[in-house]
Amino acid sequence: MNIIFVAPPAAGKGTISSLLASNYDYKHISTGDLIRNEIKTGSKLGTELQEVINKGELVSDELITEMLKKELTKKENQKFILDGYPRNVEQAKVLTTLFTKLKINDYIVLYLEVEKEIAQKRALGRIVCQNCGSTYNKYFSECQPQKEGICDKCQGILISRTDDNEKTFNKRFDTYLKVTQPVLDYYKKLNKLKIIDSNQTAFTALESIKRILGVEND
Ligand code: ADP
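Residue numbering for the sequence shown follows our numbering, beginning at 80 and increasing consecutively.
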């Protein structure tokens with residue numbers, strides 16, 4: 080079954096997606112990563128994207144949908160996790176149309192529910208490997224790297240994301256409440272929505288997700 084995550088910023092989408100992708104052979108499609116990869120290339124488009132995400136705003140629907148389409152059409156029969164799309168009702172409708180075209184109907188939408196204070200602590204403590212993109216957290220012992228500032232997996236340098244400061248986080252959270260939350264109603268009506276408590280550790284949330292997917296004994 081394919082998975083779509085809908086959640087406030089820093090709710091744990093990325094962490095849980097990586098755990099699922101490595102243990103259950105999912106292709107992880109993160110629109111945030113697609114954007115950050117474009118920024119890394121230093122292109123003109125990348126500079127424009129950087130400005131938008133630093134303000135805590137959403138990238139244009141056209142652009143992000145184009146990036147997503149490329150990834151979805153090259154997925155070649157592997158199950159996928161969609162992390163970061165749809166972020167508004169318009170994108171949800173576009174996705175429904177795209178799924179019909181690609182004959183994808185086996186999917187579930189997982190809403191990671193989290194309190195704002197917890198999400199904020201996760202965002203402000205988040206550190207990401209500059210090299211491989213693995214995520215750690217300064218504030219949670221189970222998420223700290225073995226050596227401070229260094230990635231356990233590839234020895235790369237860990238840095239904070241430019242949009243993980245308090246001002247941008249608050250703006251991202253507001254954007255979530257205003258434009259992303261209505262997506263939940265859209266999927267509830269389609270009978271696709273499941274709610275996951277993401278106030279606990281990622282491992283606890285993962286256990287609930289495994290039960291929903293029917294793979295709890297794996
Ligand atoms: P978070 O950790 O807040 O969930 P992401 O890494 O998913 O953030 O995304 C980072 C930023 O990229 C967002 O704040 C937004 O500006 C942009 N972005 C990601 N996905 C989308 C999308 N589907 N539509 C518009 N903008 C997006």
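Yeah, the Cβ is synthetic: ideal placement off N, Cα and C, and Gly gets one too.
- In this structure, the CA atom of Phe178 is about 10 Å from the CA atom of Asp185.
- With fewer than 16 other beta carbons inside 10 angstroms of its own, Ser139 counts as exposed.
- Sequence-distant Cβ neighbours of Leu98 in its own chain, meaning closer than 6 Å and more than five residues away, are Leu285.
- The closest CA to that of Lys232, considering only Gln223, Arg240, Ser239, is found on Gln223.
- Around the beta carbon of Tyr265, 16 or more other beta carbons lie within 10 angstroms, which makes this residue buried.
- Under the 8 Å Cβ criterion, the segment 196-204 counts as touching the segment 88-95, having at least three qualifying pairs.
- Linking Ser213 to Lys106 through their CA atoms gives a straight-line distance of about 16 Å.
- Asn81 sits in a strand when the DSSP states are folded into three classes.
- At least one heavy atom of the ligand ADP falls within 7 Å of the beta-carbon of Lys92.
- Setting aside the 5 residues that flank it on each side, Asn210 is surrounded in the same chain by Cys230, Cys233, Gly235, each with a C-beta closer than 7 Å to its C-beta; the list follows chain order.
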